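J.: Sending over a structure as structure tokens; questions will come in a sec.
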Amino acid sequence: MTLDTLKHGVNSSTIPADPFADYWSPSITQALHYQGWARTEIRSRVDLEAWQAFTADLPRDPYVNRRWKRMSWLTLDERDDVVDMGHCPMAQGGAFNDAESMADRLRYYEPLTPAFMARPDVKDFVRAWARLWGLKPNEPILMQITGVRGEGMIDPLQGQGIHADGCKALSILVLSRHNVAGGDNHLYADKAGNRPVADTILAPGDILHLRDDRLFHSVDGIHQEDAEAPFERFIIIINSRFVDEFQNSILRRHFPEAVLNETR
7 MTLDTLKHGV
17 NSSTIPADPF
27 ADYWSPSITQ
37 ALHYQGWART
47 EIRSRVDLEA
57 WQAFTADLPR
67 DPYVNRRWKR
77 MSWLTLDERD
87 DVVDMGHCPM
97 AQGGAFNDAE
107 SMADRLRYYE
117 PLTPAFMARP
127 DVKDFVRAWA
137 RLWGLKPNEP
147 ILMQITGVRG
157 EGMIDPLQGQ
167 GIHADGCKAL
177 SILVLSRHNV
187 AGGDNHLYAD
197 KAGNRPVADT
207 ILAPGDILHL
217 RDDRLFHSVD
227 GIHQEDAEAP
237 FERFIIIINS
247 RFVDEFQNSI
257 LRRHFPEAVL
267 NETR
């Protein structure tokens with residue numbers, strides 16, 4: 007026991023270690039701080055094959071052709087437990103979403119399945135992600151499993167182009183990528199795309215963190231590498247601390263006790 011802990015009456019040996027202290031390397035935190043983005047992997051942390059199985063029963067996106075999707079609103083409580091907050095639609099204002107089929111609309115999706123959310127590696131991922139961004143208890147976290155499959159050419163962004171999602175904390179994790187040509191991720195310092203920042207191709211298990219209020223992003227259209235077989239690309243999107251006033255107003259309506267990133 008050190009002199010300092012003796013002086014304050016605290017035995018540091020009895021204080022539990024932070025179980026998520028090494029989930030992300032210090033270089034990830036530093037990169038986010040200085041350049042606004044970072045790329046790493048979590049395939050060493052999760053059972054990626056088990057996660058991939060949850061893409062099989064995704065419902066079709068009712069608003070976007072050739073896309074499948076589930077989403078849930080989550081938070082951490084005071085005990086650091088992952089809590090499903092319940093139903094709330096997704097809402098993106100036109101300032102953040104240029105797609106006619108999605109902008110300024112309330113969009114309703116089926117939730118992530120109880121089997122997926124009960125997985126310990128899913129809960130640990132959500133906890134570690136919240137820790138990375140310094141989220142407080144009761145801050146809403148939007149977690150989605152979404153993606154495209156089929157044949158021919160498709161724009162996975164469905165017209166959004168270079169855009170921001172209307173939040174401060176955003177991460178994109180690739181779950182599966184089969185028979186895909188294209189699908190490269192691009193980061194920019196401006197919405198017009200005149201100031202490119204980085205280009206990267208994410209493999210399954212790779213995750214891209216970015217400060218969505220500082221950078222814009224896009225992804226290339228995709229098509230089959232082998233024209234005789236269909237393609238598939240599914241991702242997890244997880245984000246929080248919304249700067250989109252439209253989304254915040256809907257969150258406040260559904261979760262009046264939530265801690266929001268107020269923009270006014």
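Heads up, the sequence shown is in our numbering, so the first residue is 7 and it goes up one at a time. Glycine included, every Cβ here is placed at the ideal spot set by N, Cα and C. Please read all numbers here as calculations on a predicted model, not as lab measurements.
#1: Thr46 bridges to which residues according to DSSP?
#2: Roughly how many angstroms lie between the CA atoms of Phe248 and Ala198, to the nearest whole one?
#3: Measuring only the C-alpha atoms, how far is Leu257 from Met91?
#4: Please classify Ala195: does DSSP put it in a helix, a strand, or coil?
#5: For Thr8 and Leu80, what's the separation of their Cα atoms in angstroms?
#6: Since Asp127 is in the beta strand (DSSP E), which residue starts that stretch and which ends it?
#7: Decide if Pro262 is buried, meaning its Cβ has at least 16 other Cβ atoms within 10 Å, or exposed.
#8: Sorted by chain position, which residues of the same chain lie with C-beta nearer than 6 Å to Phe240's C-beta, five sequence neighbours on each side aside?
#9: Quick one, which of Gly140, Val203 and Trp135 has its alpha-carbon nearest Leu179's?
#10: Rank Gln150, Asp87 and Pro126 by C-alpha distance to the C-alpha of Ala56 and give the top, closest one.
#11: At which residues does the beta strand (DSSP E) containing Ser72 begin and terminate?
T.: In this structure, then:
#1: DSSP lists Ile213 as the bridge partner or partners of Thr46.
#2: Taking the straight line from one Cα to the other gives about 22 Å.
#3: CA-to-CA, the gap between Leu257 and Met91 works out to about 10 Å.
#4: Under the three-state reduction of DSSP, Ala195 is assigned to coil, being neither helix nor strand.
#5: Low local confidence applies: a pLDDT of 35 at Thr8 is under 50, so the model's placement there is unreliable, with the coordinate-based value given in what follows. Cα to Cα, the separation comes out at about 40 Å.
#6: Taken as a continuous stretch (DSSP letters only), Asp127 belongs to no beta strand (DSSP E), being part of the alpha helix (DSSP H) at Pro126 to Trp139.
#7: So Pro262 ends up on the exposed side.
#8: For Phe240, where only same-chain residues beyond five positions count, the Cβ hits under 6 Å are Thr61, Gly153, Leu181 and Ser182.
#9: When each option's Cα is compared against that of Leu179, the closest is Trp135.
#10: Checked all of Gln150, Asp87 and Pro126; the closest Cα to Ala56 is Pro126.
#11: Residue identity check: residue 72 is Arg in the sequence provided, not Ser. Neither: Arg72 is in no beta strand (DSSP E) and is coded neither H nor E.
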